[in-house]
Amino acid sequence: MGKNELAIQELIRAIQAEKWGYEFYLGASQRAKDLKAKKIFLRLTQEEVDHQLALKKLLEKMDEDWDIEELTPVAMPGTDLPSLKKIAQSRISDKEALEIGIKMEEAAVNYYTELGRMVSSNEDKKFFKQLVEFEKEHLTSLQKSYSVIFDKS
9 MGKNELAIQE LIRAIQAEKW GYEFYLGASQ RAKDLKAKKI FLRLTQEEVD HQLALKKLLE
69 KMDEDWDIEE LTPVAMPGTD LPSLKKIAQS RISDKEALEI GIKMEEAAVN YYTELGRMVS
129 SNEDKKFFKQ LVEFEKEHLT SLQKSYSVIF DKS
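Per the working numbering, residue 9 is the first one in the sequence shown, and the count goes up by one each step.
Pasting the structure below:
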């Protein structure tokens, strides 16, 4: 498999992971009891959609035309997270949802850093560097929210 084929496969996996993130944050926002947690989950829901669309544009640059609506949500590579169905059925707490979000964003930073190494053009490398920065912002935001809401010693 050529480097370009591998990059295409990984971009598809990235879109699936962003879809998983969208579904997760949407569900977390609907179940959240704390207003701060609800707000961050809602913001991240929209940002996951933005990431899906940006990744789709990168696929299109590689002459790939995928209907991202048809792709199945899959957790970010490098995570050992339960299925969305299990998460929804278990009625996780705001604290658990923030912890899952933190794990997911940590994995996203690592994954997109690796994808940035796989692409060849400077423009695509810049794209993944920017995506890593967005994911780091998500991670920091989740960590701060966690501290504000739950580290009340």
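Virtual Cβ for every residue (Gly too), placed ideally from N, Cα, C. Keep in mind it's a predicted model, so treat the numbers as computed, not measured.
Under DSSP, the alpha helix (DSSP H) around residue i begins and ends at which residues?
i      : result
Thr87  : Note, Thr87: premise wrong, no alpha helix (DSSP H); not H, not E.
Ser149 : 130-158
Are the CB atoms of residue j and residue i within a distance shorter than 8 angstroms?
i      : j      : result
Val156 : Val140 : no
Gln60  : Ile23  : yes
Leu50  : Leu19  : no
Arg102 : Ala45  : It should be pointed out that residue 102 corresponds to Asp in this sequence rather than to Arg. Result yes, Cβ atoms of Asp102 and Ala45 sit closer than 8 angstroms.
Tyr119 : Met84  : yes
Leu147 : Glu113 : yes
Tyr164 : Leu106 : Residue 164 is absent from the model: the chain starts at 9 and stops at 161.
Ala115 : Thr87  : yes
Is residue i close to chain C? Criterion is C-beta to C-beta, closer than 8 angstroms.
i     : result
Lys47 : Note that chain C does not occur in the displayed structure, where there is just one protein chain.
- Task: Specify whether the region 130-147 and the region 94-102 touch according to this definition: at least 3 beta carbon pairs, one from each stretch, less than 8 angstroms apart.
- Result: no
- Query: Fully enclosed by the region 69-121, which alpha helix (DSSP H) runs are 4 residues long or longer?
  - Reply: 92-98
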